[in-house]
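Peer 1: In short: position in the sequence shown from 1, add 819, done, that's this note's numbering.
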Amino acid sequence: MPQLAPHIFELLHQHGVQHAFGIPGDFVLTLFDALAESEIEPIVMTHEPCVGFAADAYSRIRGLGLAVITYSVGGLNMANAVAGAYAEKSPIVILSGGPGVQERQQRDLLHHKIKTFDTQKHVFEELTIYAVTLDNPTTADAEIHRAIDYATTWKRPVYLEIPRDLVYADIKKVEHCPPPVKQTDPDTLSEAIGETLEMLHRATSPVILTGVELHRFGLQEKIVVLAEKLGVPVCSTMLGKSVFPESHPQYIGIYNGEVGDLSVRKVVEESDCLLMLGVFLTDFNLGMFTANFAQANTIYATSERLTIKHHEYPNVLFTEFITAFCCSKDLPYHNPANIRPMKPRLVPDNGEISMSGLLYELNQFMDSNTMLVTDAGDTLFAADDIQMQEGASFLCQAFYASMGFGVPGVIGAQLADPFRRAIALVGDGAFQMTGMELLTAKRLGLNPIVIVINNGSFASLRS
């Protein structure tokens, strides 16, 4: 019979997880022993928020992250980072130690307890797609598989709490039955593709607006093929930056309503067929809701809904819609000769260092083997003009927008892909929150480039 914690670590390793971010505590010491015996390398951070941020960034590169924390004082300290991962669809498996089953029955006032022994689990029920305490060896295997399936299918964090007296408990192995998921109705898909093609054939100025879900569901290559078949301009949201290669001749830049580039805004808002694919319709992505496009001219496809004009198609999976769309034989080709490719609005310094000059130099450095992580604030919006080459990755919290993501995020990114150069762009306010993780980078022998923009205040809030 498999043992509880070793079984979890074996399954996660099979899903590509090679590192676990965490901080030991007394309720999780035995779990860390099991982790040390596994094929997954423990990465001990300095503070639990950094554990969550690093696991989040790791997940955005590898597809699944792992955080191991102690009961209550560890887990609740990490809650903000997990909230960001949930909001932006970054799957993390959270393993928390907890009081033993016998302890819960025999002693009421154990340290780290809050209201009830389940308080932390109840908190994480609001921050994850699945939360459970593995206190039954008979059902544990099914619950473990369910958690991993949910995380990888719906791209959200999951929470598993392990009582410390059950870490090495023998569990009953059961046949793995993947959870039921919505199935695409072929007739509905055919009708949706038909209406999409009808719009495209009538359109004179179609545009593709790419979003982060194209990355989360591994559809980047398909969207490039689709764009080239259509020959139309492509832009992205800030959260979806780098989903489409920004050196591509059809890429025109980031759309951000009235806040963004006027030329991109003009192309998008004057389009008579706007394909919004994998886009989060958030305030940050839409220029604080200054975006202006008519629903009658839009095709909106995400993992949660498919809407064409005013018509809803409820039984079509996002991945299957994109695949069928890309493979359609009747795609109209629009001559891309008049597309004006993205050109960064940056100039080199002439004397004193300026923000524009810094970004200009950073742009010269960026290539297909770089990963750029930005924190919330001015550094996030400054990255608008950084041109991400094909193969490069851009990581940010452009929806949840928590400060402190940058430094632990760049550590998670470099561990997820050590063959690419990792760069962080961080403001001084955010650096004061999590900059101590440079100690972790030094201890691990990592070499991220961390650029701190010191304006002496929370300048983005003041502006």
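Idealized CB from N, CA, C, for every residue including glycine.
In three-state terms, what does DSSP make of residue 860?
Peer 2: DSSP places residue 860 in strand when its eight states are reduced to three.
Peer 1: With three or more beta-carbon pairs closer than 8 Å as the criterion, would you say the segment 834–854 touches the segment 871–891?
Peer 2: Contact between the segment 834–854 and the segment 871–891 is present, because at least three Cβ pairs lie under 8 Å.
Peer 1: For the beta strand (DSSP E) holding residue 1240, just list the boundary residues, first then last.
Peer 2: First-last of the beta strand (DSSP E) with residue 1240: 1240–1246.
Peer 1: Give the DSSP-derived three-state secondary structure of residue 1025 in the structure shown.
Peer 2: Strand.
Peer 1: Where DSSP assigns a beta bridge to residue 1191, which residues make up the other side?
Peer 2: In DSSP, residue 1191 forms a bridge with 1213 and 1242.
Peer 1: I'd like the span of the alpha helix (DSSP H) that includes residue 884, first residue to last.
Peer 2: Segment 884–888 is the beta strand (DSSP E) holding residue 884; no alpha helix (DSSP H) there.
Peer 1: Where in the segment 971–1035 do unbroken runs of the alpha helix (DSSP H), each at least 4 residues long, occur, reported from the N-terminal end onward?
Peer 2: DSSP runs (the alpha helix (DSSP H)) wholly in the segment 971–1035: 1005–1021 and 1032–1035.
Peer 1: Which residues does DSSP pair with residue 928 in a beta bridge?
Peer 2: None, per the DSSP bridge assignment.
Peer 1: Which residues does DSSP list as the beta-bridge partners of residue 822?
Peer 2: Answer is 989, bridged to residue 822.
Peer 1: List the endpoints of the continuous alpha helix (DSSP H) containing residue 1140.
Peer 2: Residues 1137–1146.
Peer 1: The alpha helix (DSSP H) with residue 1120 in it runs from where to where?
Peer 2: That residue, residue 1120, is in no alpha helix (DSSP H); its beta strand (DSSP E) goes 1117–1120.
Peer 1: When we look at the beta-carbon of residue 999 and count the other beta-carbons within 10 Å, is it buried (16 or more) or exposed?
Peer 2: So residue 999 ends up on the exposed side.
Peer 1: Which same chain residues, not among the five before or five after residue 1215, have their C-beta less than 6 Å away from its C-beta?
Peer 2: Excluding residues within five positions, the ones whose Cβ falls inside 6 Å are 1193 and 1199.
Peer 1: Do the segment 1263–1277 and the segment 1231–1244 meet, that is, are 3 or more Cβ pairs less than 8 Å apart?
Peer 2: They touch, by the three-pair rule.
Peer 1: Between the beta-carbon of residue 1111 and the beta-carbon of residue 1076, is there less than 9 Å?
Peer 2: Contact flag set, yes.
Peer 1: Less than 9 Å between the beta carbons of residue 1155 and residue 1227, yes or no?
Peer 2: Taking 9 Å as the Cβ cut-off, residue 1155 and residue 1227 do not qualify as a contacting pair.
Peer 1: Would DSSP call residue 1065 helix, strand or coil?
Peer 2: Residue 1065: coil per DSSP, three-state reduction.
Peer 1: Measure how close the beta-carbons of residue 1223 and residue 872 come, nearest whole angstrom, since I'm counting them as under 8 Å.
Peer 2: Confirmed, Cβ separation roughly 6 Å.
Peer 1: Since residue 1199 is in the alpha helix (DSSP H), which residue starts that stretch and which ends it?
Peer 2: Taken as a continuous stretch (DSSP letters only), the alpha helix (DSSP H) holding residue 1199 covers 1197–1201.
Peer 1: If you measure between the beta carbons of residue 823 and residue 949, is that distance less than 9 Å?
Peer 2: It is not a contact, given that the beta carbons lie outside the stated cut-off.
Peer 1: Run through DSSP, which three-state label would residue 1219 get?
Peer 2: In the structure shown, residue 1219 sits in coil (DSSP, three-state: anything other than H, G, I, E or B).
Peer 1: Quick one: what does DSSP say residue 838 is sitting in, helix, strand or coil?
Peer 2: Strand, per DSSP.
Peer 1: Below 9 Å between beta carbons: does that hold for residue 915 and residue 870?
Peer 2: For residue 915 and residue 870, no; Cβs fall outside 9 Å.
Peer 1: In whole angstroms, what is the alpha-carbon distance linking residue 1143 and residue 952?
Peer 2: Answer to the nearest angstrom: the Cα atoms are 40 Å apart.
Peer 1: How do the segment 1131–1138 and the segment 1045–1058 stand: do at least 3 beta-carbon pairs fall below 8 Å, yes or no?
Peer 2: At 8 Å Cβ cutoff, the stretches do not touch.
Peer 1: Can you tell me which of 1153, 892 and 975 puts its alpha carbon nearest to the alpha carbon of residue 1019?
Peer 2: It is 1153.
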